[in-house]
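Step one of this worksheet: look at the structure below.
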Amino acid sequence: MDLTILTVDFINSMAAETGDLSSGSAVAGLEATRATIMARANILAEGPLADSNTQKTYIVRTDSVNLASAFGTTALAELQTNIRAIPAAVCTADVTGATVTGTRLGILTAAAIAL
Numbered sequence: 413m414d415l416t417i418l419t420v421d422f423i424n425s426m427a428a429e430t431g432d433l434s435s436g437s438a439v440a441g442l443e444a445t446r447a448t449i450m451a452r453a454n455i456l457a458e459g460p461l462a463d464s465n466t467q468k469t470y471i472v473r474t475d476s477v478n479l480a481s482a483f484g485t486t487a488l489a490e491l492q493t494n495i496r497a498i499p500a501a502v503c504t505a506d507v508t509g510a511t512v513t514g515t516r517l518g519i520l521t522a523a524a525i526a527l
């Protein structure tokens, strides 16, 4: 299975954005981001908030991507645009400057850590 690792840098802290999107919470930015990604790809795993609660990483199946360009630069740009457009009604943090970076999982043999 081919995996794509997406890191969303929200720029601003998302620590308070833990509300329930389905209940109409005004602080559901993390769930709104998850829903935005899930509209395009199956999320297999996600990491915790990092870098002073401004970044979060998601692992998705590359072959599940619901965009014509797979996870090329066009798809990443579209995803970034959609995350930036998360409405203030469900996210009090300013996500208008958020960025999305994608990478593939790969470990160079010289960098592998012995078991």
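Be aware that the sequence shown starts at 413, since it is given in my numbering, and climbs by one per residue. Note that beta-carbon positions come from the ideal geometry of N, C-alpha and C, so glycine has one too.
For this session: May I have the straight-line CA-CA distance separating ILE449 from LEU491, to the nearest angstrom?
Result: As a position in the sequence shown, residue 449 is number 37, starting the count at 1. As a position in the sequence shown, residue 491 is number 79, starting the count at 1. Pairing ILE449 with LEU491, the inter-Cα distance amounts to about 7 Å.
For this session: State buried or exposed for ALA480, treating a residue as buried only when at least 16 other CB atoms are found within 10 Å of its CB.
Result: Sequence index remark: in the sequence shown, residue 480 carries index 68 (1-based). Its pLDDT being 46, under 50, ALA480 is placed unreliably in this model, and the coordinates cannot settle the point.
Exercise. When the Cα of ASP506 is compared with those of ALA427, THR419, SER434 and ALA523, which residue comes out closest?
Worked result: Indexing the sequence shown from 1 puts residue 506 at position 94. The candidate whose alpha carbon is nearest that of ASP506 is ALA427.
For this session: Please name the residue in VAL512, VAL472, CYS503 and ALA501 whose C-alpha comes closest to that of THR486.
Result: Translated into the one-based positions of the sequence shown, residue 486 becomes position 74. The residue with the shortest Cα to Cα distance from THR486 is VAL512.
For this session: Using only alpha-carbon positions, find the residue among ILE519, ALA489, ASN424 and THR515 that is nearest to ARG386.
Result: The question about residue 386 has no answer here: the residues shown for the chain are numbered 413 through 527.
Exercise. For ILE423, which option in LEU520, ALA501, ALA522 and ARG496 has the closest C-alpha, if you only look at C-alpha atoms?
Worked result: Residue 423 sits at position 11 when you count from the first residue of the sequence shown. It is ARG496 whose Cα lies nearest to the Cα of ILE423.
Exercise. Which same chain residues, not among the five before or five after VAL439, have their C-beta less than 6 Å away from its C-beta?
Worked result: The residue labelled residue 439 in the question sits at position 27 within the sequence shown. Take VAL439, set aside five residues on each side of it, and the residues of its chain with a beta-carbon closer than 6 Å to its own are ALA428, GLU429, GLY431 and THR504, in chain order.
Exercise. What are the residues that DSSP puts in a beta bridge with GLY514?
Worked result: Counting from 1 along the sequence shown, the entry for residue 514 is found at position 102. BP columns for GLY514 point to LEU418.
Problem set entry | Residue burial classification, GLY518 (beta-carbon count within 10 angstroms, cutoff 16) | The residue given as residue 518 occupies position 106 in the sequence shown. Classification of GLY518: exposed, given that the 10 Å Cβ count is below 16.
Exercise. Just the Cα atoms here: how many angstroms apart are ALA457 and TYR470?
Worked result: By one-based count along the sequence shown, residue 457 stands at place 45. By one-based count along the sequence shown, residue 470 stands at place 58. Straight-line Cα distance between these residues: approximately 6 Å.
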